[in-house]
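Notes follow the structure.
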Amino acid sequence: LPAQQGAFSSFWLTPSDGSWPPEIDIIEVAANDPYTIYSSIHYVNSGQTIGTPVGSMSDAFHTYGLSWTPDKITWYF
Numbered sequence: 001l002p003a004q005q006g007a008f009s010s011f012w013l014t015p016s017d018g019s020w021p022p023e024i025d026i027i028e029v030a031a032n033d034p035y036t037i038y039s040s041i042h043y044v045n046s047g048q049t050i051g052t053p054v055g056s057m058s059d060a061f062h063t064y065g066l067s068w069t070p071d072k073i074t075w076y077f
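Per full-length UniProt numbering, the sequence shown runs over residues 1 to 77.
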């Protein structure tokens with residue numbers, strides 16, 4: 001992920017019709033906080049975001065993913 005000031009890397013899932021919400025953020029990393037990745041589920045009346053402390057995300061290649069089943073959503077970093 002780029003470490004330049006002003007960069008904002010993200011990987012989202014949104015409806016194909018362009019409506020919002022809902023939105024699932026698989027990963028978001030802001031250049032002003034490159035050591036934390038954020039994952040969120042946005043829906044009506046939501047507001048919870050989970051930040052996960054990590055090492056530098058700009059030093060190597062990384063794989064990100066999400067498994068969505070009827071019972072749960074699991075993020076992979």
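Just so you know, even glycine gets a beta-carbon here, dropped at the ideal spot from N, CA and C.
Looking only at C-alpha atoms, which of the options sits nearest to residue i?
i	options	result
G55	V29, F8, P22	V29
S19	T52, V44, I26	V44
W75	F61, Y35, S10, D25	D25
residue 119	F77, W68, T63	Missing from the structure shown is residue 119; the chain here goes from 1 to 77 and no further.
F77	E23, D71, L66	L66
Between which two residues does the beta strand (DSSP E) harbouring residue i extend?
i	result
F77	Where F77 is concerned, there is no enclosing beta strand (DSSP E), given that its DSSP letter is neither H nor E.
D25	23-30
F8	8-13
For residue i, which residues of its own chain have a beta-carbon under 6 Å away from its beta-carbon, when the five flanking residues on both sides are left out?
i	result
T36	G51, P53
Y38	E28, T49, G51
S40	D25, T49
If residue i sits next to residue j, beta carbons under 8 Å apart, how far is it from one beta carbon to the other, in whole angstroms?
i	j	result
S58	P34	6 Å
F61	A31	Incorrect: roughly 18 Å between the Cβ atoms, too far for contact.
Looking only at its chain, what residues have a beta carbon closer than 7 Å to the beta carbon of residue i, apart from the 5 residues adjacent to it on each side?
i	result
F11	I26, I27, Y64
Can you find the residues in the same chain that come closer than 8 Å, C-beta to C-beta, to residue i, ignoring five residues on each side of it along the sequence?
i	result
H42	W20, P21, P22, E23, I24, D25
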